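In this text, residue positions in the sequence shown follow the working numbering: the first is 1, and each later residue adds one.
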Amino acid sequence: MVSGGFRLDLLLETAYLARSTYYYQLKQLDGHDKDKEIKGEIQEIYYEHKGNYGYRRITLELRNRGFVVNHKKVQRLMKALGLRARIRRKQKYSSYQGEIGKKAANLIQRQFKASKPMEKCYTDVTEFAIPNSTQKLYLSPVLDGFNSEIIAYNLSTSPNLEQVKAMLDQAFTEEHYENTILHSDQGWQYQHQYYHQFLEDRGIQPSMSRKGNSPDNGMMESFFGILKSEMFYGYEKTFHSLEQLEQAIIDYIDYYNNKRIKVKLKHTKISS
1 MVSGGFRLDL
11 LLETAYLARS
21 TYYYQLKQLD
31 GHDKDKEIKG
41 EIQEIYYEHK
51 GNYGYRRITL
61 ELRNRGFVVN
71 HKKVQRLMKA
81 LGLRARIRRK
91 QKYSSYQGEI
101 GKKAANLIQR
111 QFKASKPMEK
121 CYTDVTEFAI
131 PNSTQKLYLS
141 PVLDGFNSEI
151 IAYNLSTSPN
161 LEQVKAMLDQ
171 AFTEEHYENT
181 ILHSDQGWQY
191 QHQYYHQFLE
201 DRGIQPSMSR
211 KGNSPDNGMM
221 ESFFGILKSE
231 MFYGYEKTFH
241 SLEQLEQAII
251 DYIDYYNNKR
261 IKVKLKHTKI
271 SS
């Protein structure tokens, strides 16, 4: 019986509450919460990363801070705290304009991981549109498959050849590269003579996804998905100009490279 003369089992059944949950909550009210410190850390990490970290990344960050904890406990505590990671939305820009130039074989074959820096690199273009501007912004990055770092990028209001030229010059500064692959889709930029000549002059092997097969460029697709879900989707109306959006993208790439935890790399944070 509980206060008021009602049977506990009837109250729990009426409230659709498990007996174990009832006693757990009662314990938290009556006594010291042994998870108080870790809950505070979880909330701090969650809000520091603007709700973009799920339980796996929060678990890794907690371990970086010296906590011995597994992901299942973090998942349970996040649920109790009402914390959920933001969900990604998909929106794909395509630069494919047919077979207008030179294509390349798919050398990656979805084997994305690299054993050393600059062994497997990836590129693509994505589009940003905001209500407060009639223009759009295009991001063209190069991602290193060894550690998922963005090693070069260019932002432009037009996805033209000059954008790709600037990106290539920034990414590949050496005169020659040994066993380096640059993978892309079949966009017109990557079929252009200049693109292929640039790679050939530096010993870089071009590689291309099959037509209409986004998963063939999975690492680049993943980066774009993370980028947009964490700093763009849901925030479109907060950008009052393209210049403000451009600075937000620059800031995010710096955060992504230097602070955001890469789950596959476990405790490692990318350093520039």
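Glycine included, every Cβ here is placed at the ideal spot set by N, Cα and C. Since this is a predicted model, take the numbers as computed values, not measurements.
Check                                                                                                                                  : Outcome
Three or more C-beta pairs below 8 angstroms linking the segment 240-257 and the segment 138-154                                       : yes
Length at least 4, wholly inside the segment 207-239: the alpha helix (DSSP H) runs in chain order                                     : 218-231
Runs of alpha helix (DSSP H) lying entirely within the segment 114-197, each at least 4 residues, in chain order                       : 161-171 and 188-191
Assumed close pair residue 291, residue 161 - CB separation to whole angstroms, cut-off 8 angstroms                                    : There is simply no residue 291 to check, as the chain begins at 1 and stops at 272 in what is shown.
Validate contact between the segment 169-186 and the segment 70-79 using beta carbons, cut 8 angstroms, 3 pairs                        : no
Identity of the residues DSSP links to residue 204 by a beta bridge                                                                    : 180
Proximity below 8 angstroms, CB of residue 124 to CB of residue 213                                                                    : no
Inter-stretch contact (C-beta, 8 angstroms, three-pair minimum) for the segment 110-120 and the segment 74-82                          : no
Best match in 251, 164, 104 and 245 for proximity to residue 135 [C-alpha to C-alpha]                                                  : 245
Reduced DSSP secondary structure (H/G/I, E/B, other) of residue 49                                                                     : coil
Own chain partners of residue 109 with C-beta closer than 7 angstroms, once the 5 adjacent residues on each side are dropped           : none
Outcome for residue 292 when other beta-carbon atoms lying within 10 angstroms are tallied against a minimum of 16                     : Lying outside 1 to 272, the shown extent of the chain, residue 292 is not represented and no answer is given.
Boundaries (first-last residue) of the alpha helix (DSSP H) holding residue 58                                                         : 55-64
Neighbour-count burial assignment, residue 206, 16 or more Cβ in a 10 Å radius                                                         : buried
Assigned secondary structure, residue 34 (DSSP; H/G/I helix, E/B strand, else coil)                                                    : coil
Residue 145 and residue 176 closer than 8 angstroms at C-beta                                                                          : no
Test item: CB-CB of residue 122 and residue 183 under 8 angstroms                                                                      : yes
Buried versus exposed, by CB contacts within 10 Å (16 or more), residue 163                                                            : buried
Alpha-carbon to alpha-carbon, residue 33 and residue 120                                                                               : 48 angstroms
Cut-off 8 angstroms between Cβ atoms - residues of its own chain near residue 62, not counting five sequence neighbours on either side : 38, 41, 42, 45, 69 and 74
Neighbour flag for residue 149 against chain D, beta carbons, 8 angstroms                                                              : You won't find chain D in this structure, because it holds only one protein chain.
Candidates 201, 200 and 211, of which the one nearest residue 188 by Cα                                                                : 211
Environment of residue 266 [buried if 16+ CB atoms lie within 10 Å]                                                                    : Residue placement at residue 266 cannot be trusted, given a pLDDT of 44 that sits under 50; what the coordinates show is reported in the next sentence. Exposed: under 16 other Cβ atoms inside 10 Å.
Extent of the continuous alpha helix (DSSP H) to which residue 79 belongs                                                              : 71-81
Nearest candidate by alpha-carbon position, reference residue 186, set 105, 111 and 199                                                : 105
Whether residue 157 touches residue 139 by CB criterion (8 angstroms)                                                                  : no
Where residue 104 falls: helix, strand or coil (DSSP)                                                                                  : coil
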